[in-house]
Amino acid sequence: SAGDFTARTALITRDEFGELSRVFNRMAENVQKSSANLETKVAEEKNSRLATTNILEDLEIAKQQIEQAKAKDEAILASIGDAVMACDKDGRVMLWNGVASALTGFPIQEVIGHHYGQALKFVKETDGKPGNDFIAEAIKIGQQTKMANHTLLITKDGQKIPVADSVALVKDAKGEIMGCVVVFRDVTHEREVDKAKTEFVSLASHQLRTPLTSIG
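This note's numbering puts the first residue of the sequence shown at 6, with every later residue one more than the last.
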């Protein structure tokens with residue numbers, strides 16, 4: 006029948022017909038083997054394609070999970086009222102939220118991948134001189150640090166804003182420092198409140214020390 010290569014000739018002689026018979030048998034065997042190999046390859050190809058499809062599906066699921074986690078992280082960062090910056094151990098910025106952009110005047114595209122010193126410039130309020138690089142110090146000594154009191158942030162347009170912040174280290178599973186996260190905020194309003202409290206206490210103290218005018 007068509008496609009059946011299992012048949013063999015029964016004529017076995019030493020003449021030309023016998024040789025032709027043997028050649029036919031060899032041809033039939035080769036075709037049969039080739040057909041079997043082809044079927045095996047087709048099956049392997051199907052299995053390979055199925056495996057590839059499964060891998061692609063798993064990758065797509067993983068991609069969606071990563072995107073969902075990223076969106077969640079970005080939503081959390083956007084909801085934080087303080088400026089947040091994260092950098093690696095070499096000081097390259099890896100994370101810069103919207104509040105950091107608004108406070109410093111530096112948009113994210115000008116900061117990510119660059120050293121934090123390009124956007125974060127701090128000076129002492131007392132003399133206007135550069136303050137200690139507490140971020141580099143934290144990475145170097147491997148301990149959480151805070152900026153010195155009365156520190157001013159120099160914005161992109163040159164404004165000076167009183168700020169306060171802290172640095173938290175980021176470590177891997179082996180305890181090796183990978184970088185740090187810096188959280189900083191504008192303390193102008195806090196300064197104004199503290200000033201008002203101080204003035205109120207000073208005025209109240211003065212009134213208490215002043216003798217009451219006798220009513221005549």
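Backbone N, C-alpha and C fix where the C-beta goes; we use that ideal spot for every residue, glycine too.
Closest Cα partner of residue i within the set the options
i, options, result
"Gly138", "Val128, Asp132, Gly147", "It should be noted that the sequence gives Asp, not Gly, for residue 138. Taking only the C-alpha atoms, the option nearest Asp138 is Val128."
"Ile140", "Gln164, Thr193, Gly86, Val187", "Val187"
"Ala107", "Leu125, Gly96, Met99, His119", "Leu125"
"Gly103", "Asp95, Asp177, Arg97, Glu115", "Glu115"
"Tyr121", "Thr131, Ala91, Thr150, Lys134", "Ala91"
"Val175", "Ile60, Gln69, Leu61, Leu100", "Leu100"
"Lys161", "Thr109, Asn52, Glu49, Asp63", "Thr109"
"His155", "Arg190, Ala173, Gly180, Gly163", "Arg190"
Span of the alpha helix (DSSP H), counted from its first residue to its last, around residue i
i, result
"Val104", "103-109"
"Ile140", "139-146"
Where residue i sits in the DSSP three-state scheme
i, result
"Asn59", "helix"
"Thr45", "helix"
"Leu158", "strand"
"Leu125", "coil"
"Lys68", "helix"
Residue environment, residue i, which counts as buried when at least 16 other CB atoms sit within 10 Å
i, result
"Ile66", "exposed"
"Ile117", "exposed"
"Thr193", "exposed"
"Asp95", "exposed"
"Thr131", "exposed"
"Glu144", "A small correction: the amino acid at residue 144 is Ile; Glu does not occupy that position in the sequence shown. So Ile144 ends up on the buried side."
"Asp170", "buried"
"Gly226", "This structure cannot settle anything about residue 226, because the visible part of the chain is limited to 6 through 221."
"Ala178", "exposed"
"Ala88", "buried"
"Ala105", "buried"
"Leu158", "buried"
"Thr45", "exposed"
"Thr150", "buried"
Opposing strand residues paired with residue i [DSSP bridges]
i, result
"His119", "His119 is not bridged to any residue."
"Met90", "Trp101, Val187"
"Ser171", "Lys151, Val188"
"Lys176", "Ile182"
"Ile166", "Leu158"
"Pro135", "Val128"
N-terminal and C-terminal residue of the beta strand (DSSP E) that residue i is part of
i, result
"Leu184", "Just to set this straight, residue 184 is Gly in the shown sequence, not Leu. 182-191 is the extent of the beta strand (DSSP E) around Gly184."
Any chain D beta carbon closer than 7 Å to residue i
i, result
"Glu65", "Absence of chain D from the displayed structure is noted, only one protein chain being present."
Any non-hydrogen atom of the ligand GDP closer than 6 Å to residue i Cβ
i, result
"Asp138", "What this structure holds is no ligand at all, so the ligand GDP is not there to describe."
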